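Asker: Here you go, one structure.
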Ligand SMILES: Cc1cc2nc3c(=O)[nH]c(=O)nc-3n(C[C@H](O)[C@H](O)[C@H](O)COP(=O)(O)OP(=O)(O)OC[C@H]3O[C@@H](n4cnc5c(N)ncnc54)[C@H](O)[C@@H]3O)c2cc1C
């Protein structure tokens, strides 16, 4: 996710769960009051961080992970280039988070963020400064800001553009900078949802990419004591919480028991009903599932035998199916020339529908910017990461549909003081769709769990 933010006041604490020293008197919420076993579903950022906090607190826990790896939507690709490609999360959004602190404490190097963005409007391709006298272009930038500060009746972003009579020729800029960034398309994204989340964003407004380390290697280093507690290849298909102890059943009909459960499976997995709950989840939670979307999301990596873009290039915005390209190799390699196409929502669905023609279509869009044959003539390799195809993820990340107000806190609410919900979609403090948001949601869920023990 690419967020451009103003600094906001912090609503969510970002420190770890407080652990009382052995000599102090035990109080309500003290982890030492809990003697049971916690099961965690999912070993992405939320599940691993929940494990990290439980480990710190000395609690017994196991993490059940459906796939054959940890990390979830944090996943590197080795061998495509001379650096590791980030197939999922790639940017750190803001300095005010545990995640930023973790990455900074490793050998990862922050990549210089001074770049120039380029925009194609009609057939003309130039940088932001060169577009500055274009009234439609300025109106598009203003509308992107307006969407982030919107307080009227809820509508979708496309309606906001139409109501403001934003010229068709620049609508793709707003779609790219707001809707695609939120994981979807303008005709699906709630404008009120965007502004509600942006207004309480508290992580800071700088974005960082890193070189020398993959996000997964950082997560694995920090959670090294947690990794032995992860059971991979264990997709939980049923959760029976009718009795005091919770009974989990996996796809091979193996059963596991727990006293408390933290569920971090992605929203799209819960929406699809891939996990059966006995009894069914409360209607209020099922209704909340319907108010938050999680769309198809693609990252397409294109490797070239030469750099045809300016050395300081940040992002490229065009009117085609790819809302935004950026330079994946910048700061990470001196030899390789790799661009990332980042596509969510309806455009991702269209590209997926093109099958083997998808890469050709995307490279053609670069040719439209740089000149006929410039990109297509220097392409050496391509790789498509389609997050909807991942059986245990099924999409990019969550976003607010029209009418979503309050839905994330409902998604997050615990059931019967024994089932706790974490994962990026449950973050109701503005940080959904991010790694640090996933970690903060785990922190909230672990705090709730200890609070309920008394
Ligand atoms: C293309 C893309 C780009 C992104 N860019 C950024 C970015 O630049 N910066 C940023 O901060 N964030 C970004 N994000 C978002 C970020 O990756 C996520 O918000 C975060 O990683 C989600 O963590 P999570 O633990 O909530 O979920 P996940 O990482 O999805 O983990 C959930 C885990 O649950 C497992 N699971 C599912 N079903 C079951 C089951 N039945 N039983 C057991 N296990 C199950 C899954 O296999 C998965 O490992 C991006 C995401 C995508 C897809």
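In this note's numbering, the protein residues as written are 40 to 493.
Every residue, glycine too, gets a C-beta built ideally from N, C-alpha and C.
Predicted, not measured: the structure shown is a model, and the values here were computed from it.
(1) Just to check my reading of the structure: residue 423 and residue 337 have Cβ atoms closer than 8 Å, yes? What is that Cβ distance to the nearest angstrom?
(2) Name the two residues that bound the continuous alpha helix (DSSP H) containing residue 492.
(3) Bridge partners of residue 296, per DSSP?
(4) Let me know the secondary structure DSSP gives residue 232 once reduced to three states.
(5) Can you tell me which of 280, 84 and 361 puts its alpha carbon nearest to the alpha carbon of residue 494?
(6) Should residue 317 be labelled buried (16 or more other beta-carbon atoms within 10 Å of its own) or exposed?
(7) Over the uninterrupted alpha helix (DSSP H) stretch that includes residue 164, give me the two end residues.
(8) So is residue 197 buried or exposed if we call it buried at 16+ other beta carbons inside 10 Å?
(9) Tell me which residue opens and which closes the beta strand (DSSP E) that residue 99 is part of.
(10) Given this structure, state the Cα-to-Cα distance separating residue 295 from residue 393, to the nearest angstrom.
(11) If you draw a straight line from the C-alpha of residue 63 to the C-alpha of residue 242, how long is it?
(12) Between residue 280 and ligand 1, is the CB less than 6 Å from at least one heavy atom?
(13) Less than 7 Å between the beta carbons of residue 146 and residue 251, yes or no?
(14) Does at least one heavy atom of ligand 1 sit under 6 Å from the Cβ of residue 338?
(15) What distance in whole Å lies between the Cβ atoms of residue 474 and residue 150, which are believed to be in contact at a cut-off of 8 Å?
(16) Any heavy atom of ligand 1 closer than 6 Å to the beta-carbon of residue 474?
(17) Would the segment 414 to 422 and the segment 393 to 404 be scored as touching if the rule is three or more Cβ pairs under 8 Å?
(18) Near residue 102, which residues of its chain fall below 6 Å by C-beta distance, leaving aside the five closest residues on each side in sequence?
(19) For residue 200 and residue 370, I'd like the C-alpha separation in whole angstroms.
(20) Is the shortest distance between the beta-carbon of residue 363 and the beta-carbons of chain D less than 7 Å?
(21) Using a Cβ-Cβ cut-off of 7 Å (strictly less than) and excluding sequence neighbours within five positions of residue 466, which residues of its own chain qualify?
(22) Can you tell which of 204, 324, 209 and 240 has the C-alpha that lies nearest to the C-alpha of residue 179?
(23) So does the segment 213 to 232 actually touch the segment 114 to 125, counting three or more Cβ pairs closer than 8 Å?
(24) To the nearest angstrom, report how far apart residue 121 and residue 93 are at their CA atoms.
(25) Using a threshold of 6 Å, is the CB atom of residue 380 nearer than that to any non-hydrogen atom of ligand 1?
(26) Under 8 Å Cβ to Cβ from residue 319, same chain only, skipping five residues before and after it: list those, please.
(27) By DSSP's criteria, residue 115 is part of a beta bridge. Which residues make up the other side?
(28) Going by Cα to Cα distance, which pick from 132, 148 and 460 is closest to residue 483?
(29) Name the residue from 297, 276 and 74 whose alpha carbon lies nearest to the alpha carbon of residue 290.
(30) Does the distance between the C-beta of residue 130 and the nearest non-hydrogen atom of ligand 2 fall short of 6 Å?
(31) Using a 10 Å radius around the Cβ and a threshold of 16 neighbouring Cβ atoms, would you call residue 382 buried or exposed?
(32) For residue 297, which of 391, 100 and 70 has the nearest alpha-carbon?
(33) Determine which residues share a DSSP beta bridge with residue 132 and list them.
(34) When burial is assigned at 16 or more other CB atoms within 10 Å of the CB, is residue 430 buried or exposed?
(35) With a threshold of 6 Å on Cβ separation, who are the neighbours of residue 420 within its own chain once the five nearest residues in sequence on each side are excluded?
(36) Shorter than 6 Å, the distance from the beta carbon of residue 430 to the closest heavy atom of ligand 1, or not?
Answerer: On the basis of the supplied data:
(1) By a beta-carbon distance limit of 8 Å, residue 423 contacts residue 337. Their separation comes to about 6 Å.
(2) For residue 492, the enclosing alpha helix (DSSP H) stretches over residues 474 to 492.
(3) For residue 296, which the question treats as bridged, DSSP gives the partners 286.
(4) DSSP, reduced to helix, strand and coil, places residue 232 within a helical segment of the structure shown.
(5) Examination of residue 494 is not possible in this model, given that the chain is present from 40 through 493 alone.
(6) Exposed, because fewer than 16 other Cβ atoms sit within 10 Å of the Cβ of residue 317.
(7) Premise fails: residue 164 lies in the beta strand (DSSP E), 163 to 166, not in any alpha helix (DSSP H).
(8) By the C-beta density criterion, residue 197 is buried, having at least 16 other C-beta atoms within 10 angstroms.
(9) Note, residue 99: beta strand (DSSP E), 99 to 103.
(10) Residue 295 and residue 393: Cα-Cα distance of roughly 43 Å.
(11) Low confidence applies here, because residue 63 scores a pLDDT of 44, under 50, leaving its location unreliable and the question unanswered by this model.
(12) Not so, every heavy atom of ligand 1 lies at least 6 Å from the Cβ.
(13) Their beta carbons are under 7 Å apart, which means residue 146 touches residue 251 by this criterion.
(14) Placement of the Cβ of residue 338 at a distance of less than 6 Å from at least one heavy atom of ligand 1 is found.
(15) Between residue 150 and residue 474, the beta carbon gap of about 17 Å keeps them out of contact (Cβ cut-off 8 Å).
(16) Within the cutoff, so yes.
(17) The answer is yes - the segment 393 to 404 touches the segment 414 to 422, with three or more Cβ pairs under 8 Å.
(18) Excluding sequence neighbours, residue 102 sits near 79, 82, 86, 90, 268 and 269.
(19) Annotation: residue 200 to residue 370 spans about 36 Å, alpha carbon to alpha carbon.
(20) Checking the listed chains, one finds no chain D in this structure; it contains a single protein chain.
(21) Answer for residue 466: 447, 476, 479 and 480, listed in chain order.
(22) Proximity to residue 179 across 204, 324, 209 and 240 peaks at 209, based on C-alpha coordinates.
(23) As far as the Cβ criterion goes, the segment 213 to 232 does not touch the segment 114 to 125, which means the pair count is below three.
(24) Those two C-alpha atoms are separated by around 37 Å.
(25) No - ligand 1 has no heavy atom lying nearer than 6 Å to the Cβ of residue 380.
(26) A distance below 8 Å between beta-carbons, with the five flanking residues on each side excluded, links residue 319 to the following residues of its chain, in chain order: 325.
(27) Looking at the DSSP assignment, residue 115 forms a beta bridge with 125.
(28) Closest by alpha carbon: 460.
(29) The option with the nearest alpha carbon to residue 290 is 276.
(30) Absent from the structure shown: ligand 2. Ligands present: ligand 1.
(31) Around the beta-carbon of residue 382, 16 or more other beta-carbon atoms lie within 10 Å, marking it buried.
(32) Looking only at 391, 100 and 70, the smallest Cα-Cα distance to residue 297 is reached by 100.
(33) Note: residue 132 sits in a beta bridge opposite 246.
(34) In this structure residue 430 is exposed. Its beta-carbon is surrounded by fewer than 16 other beta-carbon atoms within 10 angstroms.
(35) Its chain contains 342 as the residues whose beta carbon lies nearer than 6 Å to that of residue 420, once the 5 sequence neighbours on both sides are disregarded; these appear in chain order.
(36) No, the beta carbon of residue 430 sits no closer than 6 Å to any heavy atom of ligand 1.
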